[in-house]
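Each number in my numbering corresponds to the 1-based position in the sequence shown with 22 added.
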Amino acid sequence: MAGHAPSSSAAAGFPVLRWFFSSLGKKTVVAVTGLVLVGFVTGHLLGNLTFFFGPDAMNTYAMKLQALGPLLWVVRIGLLVAVGLHIVFTMLLWKENQAATPQKYAVKAPMKTTIFARTMRLTGLIVLAFVAFHLAHFTLWLVNPAFAGYQTLLNGHEVHDVYRMVVVGFQNPFVSGFYILSLALVAFHLSHGVASLFQTLGLTNQTLRPKFEFLARIFAWTLFVGYSAIPVSILFYG
Ligand code: HEM
Numbered sequence: 023m024a025g026h027a028p029s030s031s032a033a034a035g036f037p038v039l040r041w042f043f044s045s046l047g048k049k050t051v052v053a054v055t056g057l058v059l060v061g062f063v064t065g066h067l068l069g070n071l072t073f074f075f076g077p078d079a080m081n082t083y084a085m086k087l088q089a090l091g092p093l094l095w096v097v098r099i100g101l102l103v104a105v106g107l108h109i110v111f112t113m114l115l116w117k118e119n120q121a122a123t124p125q126k127y128a129v130k131a132p133m134k135t136t137i138f139a140r141t142m143r144l145t146g147l148i149v150l151a152f153v154a155f156h157l158a159h160f161t162l163w164l165v166n167p168a169f170a171g172y173q174t175l176l177n178g179h180e181v182h183d184v185y186r187m188v189v190v191g192f193q194n195p196f197v198s199g200f201y202i203l204s205l206a207l208v209a210f211h212l213s214h215g216v217a218s219l220f221q222t223l224g225l226t227n228q229t230l231r232p233k234f235e236f237l238a239r240i241f242a243w244t245l246f247v248g249y250s251a252i253p254v255s256i257l258f259y260g
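Have a look at this one:
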């Protein structure tokens, strides 16, 4: 049965590895890493909303994050591992589904899925490209090297002026437009992803599924509104 065949012969002798490479194992890895990433985007939004409380609030938040030191690196490496596993196991599942699908129907029957479900791989790839740009923009300062020199005084200490960096970054309408478009695709991805991960983790059933789908959409588009409020307010009032 395709669903239980280990992907590598090396896994055959190890029950735990065999489980990881079974259909259920792969889906669970995608769901658990997805949950970790959902946790991150929720926390990151709450942190970013300090923007609306002014420069000191946002810079204090950024400074506290930096002050975590080695712990911040543990979180960063954990996130990177989650992203890597999420992508690799999605690709393994896709390969497995391709192998299990009978070749070329004479008439292609339209599938009863939503646009959110059908575009998961595409939106996932675009979100990945967005995150790469975002890191180059606000973390590595490659897009605008002047960001590196933005400093401000906070309680007598010189700190990086993250607030000014965000304002200057989003005053560019092309950058803001690109972010808003990418954030909409993040919401597209989460609209289906969040409902699916609950299903995979066995937290829902066929009857509850429509309710979870609805809640997942509300959640995804709430994130979109929260994140987009920052570039939109800078474009109009900044
Ligand atoms: C309007 C939307 C967003 C704003 C204003 C924003 C703002 C920021 C800022 C200012 C930083 C650098 C923090 C610092 O220098 O201390 C950052 C880092 C980061 N952001 Fe965002 N962000 C947004 C959306 C997103 C989204 C949607 C994702 C993920 C899908 C994301 C993922 C990340 C990651 C992975 C980092 C690196 C964290 C680290 O270095 O530890 N951001 N963001």
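Beta carbons are placed, not taken as given, at the ideal position from N, Cα and C, and that holds for glycine. Remember, it's a predicted structure, so these values are computed and weren't measured experimentally.
Asked	Found
In its own chain, which residues sit with a C-beta less than 7 Å from the C-beta of LEU120, not counting the 5 before and 5 after it?	According to the sequence displayed, residue 120 carries Gln and not Leu. Once the five neighbours on either side are set aside, GLN120 has no close Cβ partner at all.
Assign THR55 to buried or exposed, taking buried as 16 or more other Cβ atoms, counted over all protein chains shown, within 10 Å of its Cβ.	buried
Check whether the Cβ of LEU259 sits closer than 7 Å to any heavy atom of the ligand HEM, and report yes or no.	Note that residue 259 is Tyr in the sequence shown, not Leu. Every heavy atom of the ligand HEM is 7 Å or more from the Cβ of TYR259, so no.
Mapping the DSSP letters down to three states, classify THR161 as helix, strand or coil.	helix
Could you tell me whether any non-hydrogen atom of the ligand HEM is closer than 7 Å to the CB of PHE241?	no
So the alpha helix (DSSP H) THR64 belongs to, where does it begin and stop?	45-70
Compute the Euclidean distance between the alpha carbons of VAL254 and LEU71, then round it to the nearest angstrom.	13 Å
Going by the C-beta, is ASN70 closer than 7 Å to any heavy atom of the ligand HEM?	yes
Taking the CB atoms as reference points, tell me whether ILE148 and PHE192 lie closer together than 8 Å.	no
Give the single residue among VAL190, ILE137, VAL181 and THR141 whose Cα lies nearest to the Cα of HIS159.	VAL190
Return helix, strand or coil for GLN221, following the three-state DSSP convention.	helix
I'd like the span of the beta strand (DSSP E) that includes GLN228, first residue to last.	First-last for GLN228: undefined, no H or E at that position.
What span of residues does the beta strand (DSSP E) with LEU94 cover, start to end?	Unbroken run through LEU94 is the alpha helix (DSSP H), 92-122; no beta strand (DSSP E).
Using C-beta distances below 7 Å, list every residue in its chain close to THR226, excluding the 5 sequence neighbours before and after it, in chain order.	PHE220 and PHE234
Tell me whether TYR201 counts as near the ligand HEM, meaning its Cβ is closer than 7 Å to at least one heavy atom of that ligand.	yes
Are LEU59 and VAL105 touching if we call contact CB-CB under 8 Å?	yes
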